[in-house]
Every structure is written in C-alpha cells, then in structure tokens.
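Engineer:
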Amino acid sequence: MQIFSLLALLCLLTTIKAACELVNGACPSACNLVQGECVSQNCLDFTAKLGDSSTNPFKGTTAYIDGTVDLNITITYTDPKFTDTTLKGITKGENTESCLSLKLYNYEDSTNLIRTESSYTINYINDGSSTRAYQFTIPSKDFVKQLILSDNGTSFVFHGYYSLDFIIGSSLQRVLYFDFLAGIDRTSTDNLDTSFGSLSQKVQLDCSGDCQATVTSSLQFCADEACTQVTDKADLYLNDEIWLKHSLTKSGTEVYYLTNPEIYFTGDKLFKKATIQQSKLNQKGYALYLIKVEIAWRNVAIVAKATLSLTPTLRILDEQSRLLQQTSQKAQGLTSQLDCVKDKDSDTCIECDESLPVDNYNEPQGDGCPTMGDSILIFLSMILVALFI
Ligand SMILES: *[C@@H]1O[C@H](CO)[C@@H](O)[C@H](O)[C@H]1NC(C)=O
Ligand SMILES: *[C@@H]1O[C@H](CO)[C@@H](O)[C@H](O)[C@H]1NC(C)=O
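Heads up: the sequence shown is residues -18 to -1, 1 to 371, going by mature numbering (1 follows the signal peptide of the UniProt record, and there is no 0).
1. Note the first and the last residue of the continuous beta strand (DSSP E) segment covering valine 126.
2. With alanine 256 and leucine 201 assumed to form a contact (beta carbons below 8 Å), what rounded beta-carbon distance in angstroms separates them?
3. So what does DSSP say about threonine 37, is it helix, strand or coil?
4. Distance, Cα to Cα, asparagine 134 vs valine 197?
5. Between threonine 43 and leucine 53, what straight-line distance do the alpha-carbon atoms span, to the nearest angstrom?
6. For residue 389 and serine 122, what's the separation of their Cα atoms in angstroms?
7. Report the rounded CA-to-CA distance for glycine 191 versus glutamine 319, giving the unit in angstroms.
8. Ignoring anything shorter than 4 residues, give me the alpha helix (DSSP H) runs that lie fully in the segment 201 to 259, in order along the chain.
9. Looking at the secondary structure, which residues open and close the beta strand (DSSP E) in which threonine 289 lies?
10. Under 7 Å: does the beta carbon of asparagine 342 sit that close to some heavy atom of ligand 2?
11. Rounding to the nearest angstrom, what Cα-Cα distance links glycine 18 and phenylalanine 247 in this structure?
12. CA-CA distance, leucine 4 and tyrosine 238?
13. Just list the beta strand (DSSP E) runs in the segment 79 to 129, keeping only unbroken ones of 3 residues or longer that don't cross its boundaries, in chain order.
14. Taking Cβ positions, are serine 145 and tyrosine 59 nearer each other than 8 Å?
15. Got a sec, what are the start and stop residues for the alpha helix (DSSP H) phenylalanine 140 sits in?
16. One question on the structure: do valine 282 and glycine 249 come within less than 8 Å of each other, judged by their Cβ atoms?
17. Here's the rule I'm using: 16 or more other beta-carbon atoms within 10 Å means buried, otherwise exposed. How should glutamine 155 be labelled?
18. Taking 7 Å as the line, does the beta carbon of isoleucine 47 fall inside it for any heavy atom of ligand 1?
19. Just to confirm, is the Cβ distance from leucine 26 to asparagine 14 under 8 Å?
20. Can you give the Cα-Cα distance for serine 199 and asparagine 38, rounded to whole angstroms?
21. Tell me the DSSP secondary structure of lysine 31 in three-state form.
22. Can you look up leucine 338 in the DSSP assignment and give me helix, strand or coil?
23. Need the endpoints of the beta strand (DSSP E) that serine 153 sits in, please.
24. Can you list the residues near ligand 2, meaning Cβ strictly closer than 7 Å to any non-hydrogen atom, in the order they appear in the chain?
25. Could you tell me if the beta carbon of glutamine 117 falls within a distance shorter than 7 Å of some heavy atom in ligand 1?
26. The beta strand (DSSP E) that contains threonine 14, what's its start and end?
27. Starting from alanine 269, trace the beta strand (DSSP E) in both directions and tell me its first and last residue.
28. Can you tell me whether serine 261 is buried or exposed? The criterion is at least 16 other CB atoms within 10 Å of its CB, across all chains shown.
29. Any contact of the segment 208 to 215 with the segment 64 to 79, i.e. 3+ C-beta pairs under 8 Å?
30. So, for isoleucine 47: in the same chain, excluding its five sequence neighbours on each side, which residues have a beta-carbon less than 7 Å away from its beta-carbon?
31. For leucine 4, does the three-state DSSP call read helix, strand or coil?
32. How about asparagine 342 and valine 275: do their beta carbons lie closer than 8 Å?
33. Should isoleucine 107 be counted as a contact of ligand 1 given a C-beta to heavy atom distance under 7 Å?
34. Terminal residues of the continuous beta strand (DSSP E) containing valine 51?
35. Should threonine 43 be listed as close to ligand 1, given that the test is whether its C-beta is under 7 Å from any heavy atom?
36. Might you give, ordered along the chain, the residues of its own chain that have their beta carbon closer than 7 Å to the beta carbon of serine 337, omitting 5 neighbours on each side?
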C-alpha cells in the first residue's frame, strides 16, 4: 500500500515537472499555449505587463555615470503586482517563476535590422516600490564600436540603437526598440549631454527573430608594408607608422572590397580619429591601412570601420544602386586591447593623467598625451613657454 502511494506520488511529481510540454500540438489542461509554446498558467500574468500594440508601459532615461564618460541606460516600468512574490516582475531575472527571458541587442543603425546580441549585463533594479528597471552601462571605450558617431562642429554625437527582446522559449513576445544620443564636447570630455530618443514596441520583429548578423572582420598588425605576416598584439611606439590589415572573416564575404575606411584609437574617454596616411583597398576580402601612432593612452585598442562594396571604389550608378543597397553593410574590425603606447627611447609606457578631461579633437601634446580639456589653460601655458623662450 505504502509502495503504491509512493509510486503514485512519483508519477504525480513527474507529471507536474513535465506539466507544460506540448504533446501532439496541444498543452495539458493546467497550461496555456502561447505562440506555439506551452507555458504555466501564470505566464499570462507576466506577458500582460508587456502591454499590447496600443500601450507601452516602458520609459527610458540616459545619463552619464558620475565622474565618468560611461553611459547609464535605464528602462523603467510600473509593476502593479510588485507586492506579490510569485507574480512580481516580468522576466526570469526578476522572478524565477516567470516564463519570459530577456535579451539585449545592439543594431547597426535605425534602418537595417542588422544586430548583434550585446554582452552587457542587464541589472534589475527594484527598490521595493512599484517602479522596476532594466539597466545597463556602455563604457566610453566601447562608444566608437557600439554607437554611430557624428560630429556637429563642436561635439561628437554618439547615436545608439538597441532593443530588449522578451522571449518565451524560442518565441518572441515583444521587442522594445529604443535609441539615444550622447553628446561629448570634442575638445573636453567635461561637457556631456544625453537624451533618450524614441521607444517603440512591436509585437513581432520585422525579420521574425531571425535578423541578419553583422559582417565580421578582424584588424591585425602587419610586420611590414607587404603584410605577409600579421600579429594580434604589437608594441605600439609613439609616432611609429604601422600597417594594419583589415580582413573580412565571415565566409561568403571574401568577394567584397572594403571602402571608405575610418580608424579610431579608443580607450576610456578616448575616441581619437587616426589619420590614414595610405591605404590599399584594391583587393577583395581585405584592406591595408598605414597610420601613425599619434596618441598615448593606457588600455588602448584600434577600431577600423569600412563599407563593403562589390567594386574597389564606390561608384553610385543607377544600375548598381540595387546591388549597393544589398551590400552597403559595414565591417568593423578591432585590435585586441594593448596595455599602453610606449616611448621609443626608454621602451616604457607613456603615462598620461587619465583623470583629466580629454581633448579628442586637437593634436595631442608632444609627449603623446591628449591635450587636456581646458583650452584657456593651454593657451596660458603656451604664453608662459613663449615668455621663457
Ligand atoms: C542609472 O540610472 C538609474 C535611473 O536614474 C539609477 O537608478 C541608477 O542608480 C543609475 N546607475 C548607475 C550605475 O549610475
Ligand atoms: C552639438 O551637439 C551637442 C551635444 O548634443 C549640443 O549640445 C549642441 O547644441 C550641438 N551643436 C550644434 C551646433 O548643433
């Protein structure tokens, strides 16, 4: 008798565990079918908080994190069930009872749904009130890589396009697209300005969860101009001229040329455009660039951006416009992070005071460090120097 009840209990336990699984296209009675996935009944309490096609319960804000140039992106919502421990929150990260998981994506721009899953950690903010938030941080060393850079004459303006995808199993429930602007004075990282753009909600992503992935490319150091040998790491010496090899690495993309390259030195607070002294773009699958190591910084990396093209020089001809549209994808290559830029004579790292605001626009100082923010101070010191000479 006892054995029977034990067996019965075991059976019951296994059925509870396997309770919400699709069997012959149907869900067991205690479960709900949500877009082809079988989920526990309280799942609808979580999906209901996502709003519908006419309501959007989310709000976004951006701010720089105090004392840094790192961006704080926060999406908040009001949770009517915040006091109920089994129903609070929306996603698994907030409540393990939930059926929804959350993914963060970074988009190449506003029009192309070319995206990569972001590796940033989503922090779940809940201070015990009905307001909850999803927060992530974009460090300034990633701005050039993750955001679209434009220059309005006085500031660099970084435009970011992201989404939060709410998913059940493999089925997408809601996509929250949002964009934001981060402005930084070109000559001083002291003057910062951000704004949150639009936030829109779609039931289904246009490419139904199967968006194009970004073109992948690598950026490596050449041993010499011929570039028959490449390395992932190199010692960077101030004022040295170095050749970089930018190669398309995704199979099928070897047939494209790389055109319109732009190169940046990036690091914390650093986004200094490099002057390309020479480039070799006339071969398929890769490009070579000659740049001067013109700036010193700790934990620095070099980023190259270029546009894919079927012809070595981009000619906009009518019959080509369709082709161009298909291939106007961008490739972005990144070197590994290097500890520092070295001084050639002493073979030691150049030390810059990285706590000071950075001038990312004007020529660096003689020692390779960026001129630090305050132009009046520099002007005064130049007068002083002039007086002593
Ligand atoms: C980011 O901003 C949110 C909302 O203003 C705030 O609650 C949070 O503490 C901020 N996080 C950081 C790391 O500054
Ligand atoms: C340039 O962008 C900055 C930062 O967003 C803004 O404060 C400034 O007004 C803009 N200047 C012009 C000329 O548009």
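A virtual CB, placed ideally from N, CA and C, is assigned to each residue, including glycine. Bear in mind the structure is a predicted one, so any value in this text is a computation, not a measurement.
Structural biologist: Checking against the coordinates, here is how it stands:
1. No beta strand (DSSP E) holds valine 126; the alpha helix (DSSP H) holding it covers 125 to 128.
2. Not confirmed; about 12 Å, so no contact.
3. coil
4. 28 Å
5. 10 Å
6. Residue 389 is absent from the model: the chain starts at -18 and stops at 371.
7. Confidence at glycine 191 is low in this model, with a pLDDT of 46, below 50, so the placement of that residue should be treated as unreliable; the coordinate-derived value is given next. Glycine 191 and glutamine 319: Cα-Cα distance of roughly 32 Å.
8. none
9. 283 to 291
10. no
11. 47 Å
12. Near 45 Å, if we compare the C-alpha coordinates of tyrosine 238 and leucine 4.
13. 83 to 89, 96 to 99, 105 to 108 and 113 to 120
14. no
15. Taken as a continuous stretch (DSSP letters only), phenylalanine 140 belongs to no alpha helix (DSSP H), being part of the beta strand (DSSP E) at 137 to 150.
16. yes
17. buried
18. Yes, ligand 1 has a heavy atom inside 7 Å of this Cβ.
19. yes
20. 37 Å
21. helix
22. coil
23. 153 to 167
24. Asn134, Gly135, Thr136, Ser137, Val139, Leu163, Gly165 and Asp175
25. yes
26. Looking at the sequence shown, residue 14 is not threonine but asparagine. Residues 13 to 16.
27. Where alanine 269 is concerned, the enclosing beta strand (DSSP E) stretches over 268 to 274.
28. buried
29. With contact defined as three or more Cβ pairs closer than 8 Å, the segment 208 to 215 and the segment 64 to 79 are not in contact.
30. Listed in chain order, the non-local C-beta contacts of isoleucine 47 below 7 Å within the same chain comprise Asn54 and Thr119, local neighbours out to five positions each way being set aside.
31. coil
32. In this structure, asparagine 342 sits away from valine 275, with a CB-CB distance that is not shorter than 8 Å.
33. yes
34. Per DSSP, valine 51 belongs to no beta strand (DSSP E) and is neither H nor E.
35. Yes, ligand 1 has a heavy atom inside 7 Å of this Cβ.
36. Nothing meets the Cβ criterion.
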